[in-house]
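Undergrad: What the sequence shown shows, in this note's numbering, is residues 931 to 1049, in sequence order.
Please read through the structure below; I'll follow up with questions.
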Amino acid sequence: SDFDNDRDGEIDEVEFEKGIEKWLKQYKFSFDSTECQGENRAEEDRVLKMEQPKECLVVKLLSKKTLRASIEVIIGMLIVIFLAKPFMMNIERLSVSAGVPSFYVVFAVIPLARNLKNA
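Take a look at the structure:
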């Protein structure tokens, strides 16, 4: 609406320039005094900057979030350790019974079987 003056649904170069000029005039900011601007800037920096107390490394490492994340990683590693052995044994049995190298079972047979199950 600010740009399309002739309401034809298209904005040409002249309409675009006039629309931008209108916006710039409408939202023009004046910086007349640089001293006042500097003082306001320092005050804005103090307001916008949130001071957080500096924590030592031990406190950061012993926070609840860090401890929970560490525990979840350790639990995930334990799950992988306990489930990997039976999975690898089953893949080996499947490859021996099918007479196919285990490489092909892992990278061809199992993905194909999963895709066929979804189809």
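Don't be surprised by glycine CBs; every beta carbon is placed ideally from N, CA and C.
Between the Cα of I950 and the Cα atoms of A1043, N1045, F933, which residue gives the shortest distance?
TA: Your numbering for residue 950 matches position 20 in the sequence shown. Measuring from the Cα of I950, the nearest candidate turns out to be F933.
Undergrad: If you draw a straight line from the alpha carbon of E947 to that of I941, how long is it in whole angstroms?
TA: Numbered from its first residue, the sequence shown carries residue 947 at position 17. Numbered from its first residue, the sequence shown carries residue 941 at position 11. Approximately 10 Å between the Cα atoms of the pair.
Undergrad: Which residues in the same chain as Y1034 place their Cβ atom closer than 8 Å to its Cβ, once the five residues preceding and following it in sequence are excluded?
TA: Mapped onto the sequence shown, residue 1034 falls at position 104. Once the five neighbours on either side are set aside, the close Cβ partners of Y1034 are S1025.
Undergrad: What's the gap between the Cα of S963 and the Cα of K955?
TA: Within the sequence shown, the letter at position 33 stands for residue 963. Within the sequence shown, the letter at position 25 stands for residue 955. Below a pLDDT of 50, predicted positions are generally treated as unreliable, and S963, at 48, falls in that range; the measurement from the model is reported next regardless. Going from the Cα of S963 to the Cα of K955 covers about 20 Å.
Undergrad: By DSSP, does E940 sit in helix, in strand, or in coil?
TA: Within the sequence shown, the letter at position 10 stands for residue 940. Coil.
Undergrad: Are the CB atoms of I1040 and S1032 nearer to each other than 8 Å?
TA: Residue 1040 sits at position 110 when you count from the first residue of the sequence shown. Residue 1032 sits at position 102 when you count from the first residue of the sequence shown. For I1040 and S1032, no; Cβs fall outside 8 Å.
Undergrad: Should E945 and N935 be called a contact, given that it needs their Cβ atoms to be closer than 8 Å?
TA: The residue given as residue 945 occupies position 15 in the sequence shown. The residue given as residue 935 occupies position 5 in the sequence shown. Yes.
Undergrad: Determine the direct distance from the alpha carbon of M1007 to that of A1014, and round the result to whole angstroms.
TA: Your numbering for residue 1014 matches position 84 in the sequence shown. Your numbering for residue 1007 matches position 77 in the sequence shown. Rounded to whole angstroms, A1014 to M1007 spans 10 Å at the Cα level.
Undergrad: Tell me which residues share the same chain as L992 and place their Cβ nearer than 8 Å to its Cβ, disregarding the 5 neighbours each side in the sequence.
TA: In the sequence shown, the residue the question calls residue 992 occupies position 62. Same-chain partners within the cutoff: there are none.
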